[in-house]
DNA sequence: ACACCTATTTAGAATCATTATAAACTGAAT
DNA sequence: ATTCAGTTTATAATGATTCTAAATAGGTGT
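Protein chains in written order, with my numbering: chain A, 1 to 133; chain B, 1 to 133.
Written out as structure tokens, the structure is:
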């Protein structure tokens, strides 16, 4: 608990009950995972014996993303996918099962972007590998 | 015109007036371009002196995508982006201006996906390079 | 502990892209 | 020309996300 209180305080977010519970669901696990808001809401209901308003889930996820505790995954879907793995990495997307799979940086050769855009710098390089049967 | 009639016939799509007009807007140009449905609708209104129902624009774009005449660009946005450039290539995304820029394959080093997923094969490898100031 | 102020939560409404519906229309084959 | 499946269309429905405004709760100073 204390580590989440610190984490939130350090980023200027008040450690409210809801935010701490969402931290537990998101970060109290060895494995990182991918989720949509819909899936996260279900997970919260199941894991914590407390209902959190949908608006709060949206607010919190966006706040955490802004602070770098979550990453949005660029993918074409009607829903937005997030990742609790915020390290530099990539994704497989299984078109049939509609599932994401992590692709560590070392599983993709080094990527060297040769083209430069004037006055802009590269913030991130993300690879999406679509899979079919 | 005839080339589009053939193009449509060859893919089992009836060459209707609307589809031919959308072909003109999409493919009668040297440069390829990126668009959302909203932008395409505006372009059609301006370029062709004829209104095409929004539903038809959606239907047609999806039909063309299925046939490989358009590509969807994986990006997190509330709107879906399409590309008339269907060659194997990548994108810059300028976060500030919310604009896409093509990144030819040769501008990105060769990408070698080392991890394999059982029973699945790679359909596409897409790189999104986010730009900031 | 109390009061106060602002950040946060909340239910519900609003928005907006996209998809579904069902009736009218059209291309193409007979 | 007739017919029929494929298309188009206006409109309604859907569904994810954002907005709103009132209620609540941290945190600070007393």
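Backbone N, C-alpha and C fix where the C-beta goes; we use that ideal spot for every residue, glycine too. Note that this is a predicted model, so its numbers are computed, not measured.
Strictly under 8 Å for the Cβ-Cβ distance: is residue i near chain A by that measure?
i, result
"residue 12/B", "no"
"residue 33/B", "no"
"residue 100/B", "no"
"residue 30/B", "no"
Quick check: what's the CA-CA separation for residue i versus residue j?
i, j, result
"residue 59/B", "residue 43/B", "17 Å"
"residue 95/B", "residue 24/A", "31 Å"
"residue 39/B", "residue 12/A", "39 Å"
"residue 14/B", "residue 76/A", "28 Å"
"residue 29/A", "residue 10/A", "21 Å"
"residue 8/A", "residue 62/B", "44 Å"
"residue 139/A", "residue 45/B", "The structure shown has nothing for residue 139/A, since chain A only spans 1 to 133."
"residue 102/A", "residue 126/A", "12 Å"
"residue 128/B", "residue 90/B", "6 Å"
"residue 121/B", "residue 53/B", "38 Å"
"residue 51/A", "residue 132/B", "38 Å"
"residue 88/B", "residue 104/B", "8 Å"
"residue 2/A", "residue 79/A", "32 Å"
"residue 27/A", "residue 69/A", "9 Å"
"residue 124/A", "residue 5/B", "42 Å"
"residue 106/A", "residue 66/A", "26 Å"
Does the beta carbon of residue i sit closer than 8 Å to a beta carbon anywhere in chain B?
i, result
"residue 15/A", "no"
"residue 36/A", "no"
"residue 3/A", "no"
"residue 27/A", "no"
"residue 88/A", "no"
"residue 7/A", "no"
"residue 24/A", "no"
"residue 20/A", "no"
Across which residues does DSSP place residue i in a beta bridge pair?
i, result
"residue 64/B", "Paired residue(s): none; residue 64/B is not in a bridge."
"residue 131/A", "94/A and 122/B"
"residue 113/B", "108/A"
"residue 81/B", "73/B"
"residue 102/A", "91/A"
"residue 35/A", "82/A"
Of all the residues that make up the segment 108-121 of chain A, which are near chain B by a beta-carbon distance shorter than 9 Å? 108, 109, 110, 111, 112, 113, 114, 115, 117, 119, 120 and 121
So, do the segment 30-39 of chain B and the segment 67-84 of chain B have three or more beta carbon pairs nearer to each other than 8 Å? yes
Could you tell me whether the segment 116-130 of chain A touches the segment 11-25 of chain B, where touching means 3 or more Cβ pairs closer than 8 Å? no
The segment 54-83 of chain B: which residues have C-beta closer than 8 Å to a C-beta of chain A, in chain order? 72, 73, 74, 75, 76 and 80
Is it a yes or a no for the segment 88-103 of chain A touching the segment 89-107 of chain B, going by three-plus beta-carbon pairs under 8 Å? no
Selection of the segment 39-50 of chain B by Cβ proximity to chain A, strictly under 9 Å: none
Take every Cβ of the segment 100-110 of chain B, pair it with every Cβ of the segment 45-65 of chain B, and state whether three or more of those distances are shorter than 8 Å. no
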